[in-house]
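Peer 1:
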Amino acid sequence: MLTYEQNEMITRVGPGAPMGELFRNYWIPFLPSADLERDGEPMRVRLLCEDLVAFRDSEGRVGLVDHACPHRGAPMLFARNEDCGLRCVYHGWKFHRDGRTVDTPAEPERSRFKDNVKIKAYPCQERNGVVWAWMGKGAPPPLPNFEWNMVPAENVVVTFRIQECNWLQALEGEIDSAHAPLLHGRADSEGFINQWRAVADLRPTFDCLRQDFGVSIASRRANEVDSYYWRVNQFVLPFFTCVPPQSKFPELSGHAWMPIDDENTMAIMFSYRPDGPMYEKSREVFLNGHKGRQAAHATHDVYAPKTRMEPFAKYWTKFNPGNTYQFNYEDQKSTYNSGLPGLWVQDAACQSGVAAIYDRTKENLATSDTGIVATRRLLLELAGQYKDKGVKPPRADDPDLYMVRAISVRLPKDARWQSECKDFMRAELGKGLGYEP
Ligand code: FES
Ligand SMILES: [Fe+2]
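Numbering (this note's numbering), first residue to last: 90 to 526.
(1) With respect to the beta strand (DSSP E) encompassing Phe295, which residues constitute its N-terminal and C-terminal limits?
(2) Restricting to Cα atoms, I'd like to know which of Lys403, Asn205 and Met224 is closest to Phe112.
(3) Tell me whether Ala222 sits in a helix, a strand or coil according to DSSP, three-state version.
(4) Identify every run of the beta strand (DSSP E) within the segment 202-269, keeping only runs that are complete inside it and at least 3 residues long; order them along the chain.
(5) Between Phe513, Leu326, Ala485 and Asp477, which lies nearest to Leu467 when the distance is taken from Cα to Cα?
(6) Asn377 lies in the beta strand (DSSP E); which residues open and close that run?
(7) Where does Arg466 sit, in a helix, a strand or coil, going by DSSP?
(8) By DSSP, does Gln415 sit in helix, in strand, or in coil?
(9) Which word fits Ala168, buried or exposed, when buried means at least 16 other C-beta atoms lie within 10 angstroms of its C-beta?
(10) Within this structure, are the beta carbons of Leu341 and Trp237 separated by less than 9 Å?
(11) I'd like the ranges of any beta strand (DSSP E) spanning at least 3 consecutive residues and lying wholly in the segment 159-194.
(12) Just checking, does the segment 418-425 make contact with the segment 263-270 on the three C-beta pairs under 8 Å criterion?
(13) In the DSSP output, what is Leu136 paired with across the bridge?
(14) Just confirm the distance between the C-beta atoms of Pro107 and Lys478, as a whole number of angstroms; I'd bet it's less than 8 Å.
(15) Against chain D, with Cβ distances strictly below 9 Å, would Ser147 count as a contact?
(16) Using the C-alpha atoms, what's the distance from Ile99 back to Trp319?
(17) So, helix, strand or coil for Asn409, using DSSP?
(18) Taking 8 Å as the cut-off, does the CB of Glu263 come closer than this to any heavy atom belonging to ligand 2?
(19) Could you tell me whether any non-hydrogen atom of ligand 2 is closer than 8 Å to the CB of Ala66?
(20) Our contact map puts Asp448 next to Asn96 with C-beta atoms below 8 Å; I'd like the distance itself, whole angstroms only.
(21) Between which two residues does the beta strand (DSSP E) harbouring Ser360 extend?
(22) To the nearest angstrom, report how far apart Gln323 and Cys177 are at their CA atoms.
(23) On the criterion of 16 or more Cβ atoms from any shown chain inside 10 Å, does Phe202 qualify as buried, or is it exposed?
(24) Do the segment 129-141 and the segment 397-416 touch if we need at least three Cβ pairs shorter than 8 Å?
(25) Using only the heavy atoms of ligand 2, determine whether one of them is closer than 8 Å to the beta carbon of Leu272.
(26) Counting only the same chain and skipping the five closest in sequence on each side, list residues whose C-beta sits under 6 Å from that of Phe329.
(27) In the DSSP assignment, what are the bridge partners of Val332?
(28) Per DSSP, what are the beta-bridge partners of Ser308 in this structure?
(29) Looking at the unbroken beta strand (DSSP E) that takes in Pro121, where does it start and where does it end?
(30) Compute the minimum distance between the beta carbon of Gly181 and the heavy atoms of ligand 1, and state whether it is under 8 Å.
(31) By DSSP's criteria, Arg127 is part of a beta bridge. Which residues make up the other side?
(32) Measuring CB atoms only, is the segment 177-192 touching the segment 152-168, in the sense that at least three cross pairs come out at less than 8 Å?
(33) Do the segment 235-253 and the segment 300-315 touch if we need at least three Cβ pairs shorter than 8 Å?
(34) For Ser278, name the three-state secondary structure that DSSP assigns.
(35) How about the segment 286-297 and the segment 381-391: do they share at least three Cβ pairs that are nearer than 8 Å?
Structural data, given as structure tokens:
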């Protein structure tokens, strides 16, 4: 349970909000590179409550500028993307991706006025098909070395979808390993979900370890006589999660829960194999679904685009609070425990909950919420320290801090997971899992 003040502090991410200021110490992923064409149509986006447009200029570089023109506020969505800049269609002022005003055609010819006006602009970098923005103060550090964003393209699937709730609600779902066999369980005997090792023991014991990168959240299940089954999920600062592989297709997965604003989240999901191409079967299921239903990723045909004036117009989906996530009470008896059609839909429906920002003064946290408590505590501490003393989280600028894996491994009963799993949890390009999940 949080107090009202703590809930406000941990959820709100706009400029000036403590959590929003903490997040601005990190690179923010927000769009697939393929969405932006050189000299093509600008795209409305919103990051951490800031309304912006993204575009790719004539040099092929991505720009991210204020949606409001700094002259008299015309929408920069309508701007002409030409000759290395965005030209506002209202009075023709033109801006470089670095924010400089480079032309003001309606001003006197010798006017130096434009030298004093800038559009808000954030530097962007791209790596392996993902665009990242730096919204922080000062020169940006190197991009974080997330393994999913470094492995060869054939090893990884990355998908984007919008989830209509606060980023923390979404994130908390993925560090909570106790829900998996219950929410995602089936009422019938079909489907590989019933073969999850996690199903064999619904009452895991939790243990958390604070790390410089975030929190390791270990759950221990007593599946066999002589060993424990350990699953370690990772919370990685500021809003990333990693989930362990399952045995059948042991790919690593996780999310960037990028806050669009306080009430909407861009769920950027990644699945990858560290040491080889993605299993064809997995790729097929991720992109096309399983028997007509959604699997872990949003399928290619799940989108219900909004008008382009909306941020990230093309990533709104057909499963949302407005249509009850297509919940079906009959299905609840015959197929899925939840009656919700597909894996991520089940998560999204529960995470979006009864409100975009759930009132955490009303919750009753239990033993299985240990990881959530540890994660919140860390986030509140870091946001408080940054707000009160300007102290940044340790090693936030170190790109290798983010070389982390989630794991699922069987260990002898007397083994200590922290020491036994240390190597498995460290990512290294090309390195295999090192164990049978
Ligand atoms: S409002 Fe954009 S140039 Fe005037
Ligand atoms: Fe889930």
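Beta carbons are placed, not taken as given, at the ideal position from N, Cα and C, and that holds for glycine.
Peer 2: Taking the structure as given:
(1) Thr294 to Arg299
(2) Met224
(3) strand
(4) 213-216, 219-223 and 245-252
(5) Out of Phe513, Leu326, Ala485 and Asp477, Leu326 has the C-alpha closest to the C-alpha of Leu467.
(6) Here Asn377 belongs to no beta strand (DSSP E); instead the alpha helix (DSSP H) covers Glu369 to Asn377.
(7) helix
(8) helix
(9) buried
(10) yes
(11) 190-192
(12) no
(13) Glu139
(14) About 12 Å separates the Cβ atoms of Pro107 and Lys478, ruling out a contact at the 8 Å cut-off.
(15) Among the chains in the structure shown there is no chain D, since it carries only a single protein chain.
(16) Trp319 and Ile99 have their C-alpha atoms roughly 29 Å apart.
(17) coil
(18) yes
(19) Lying before the first or after the last residue shown, residue 66 is absent from the chain, which here runs from 90 to 526.
(20) 7 Å
(21) Asn353 to Tyr361
(22) 44 Å
(23) exposed
(24) yes
(25) Checking the Cβ of Leu272 against ligand 2 gives yes.
(26) Ala345
(27) Ser342
(28) The beta-bridge partner set that DSSP reports for Ser308 consists of Phe295 and Arg320.
(29) Trp116 to Pro121
(30) It does: the Cβ of Gly181 is within 8 Å (strictly closer) of some heavy atom of ligand 1.
(31) Arg145
(32) yes
(33) no
(34) Note: Ser278 maps to coil in three-state DSSP.
(35) With the cut-off at 8 Å, the segment 286-297 and the segment 381-391 do not touch.
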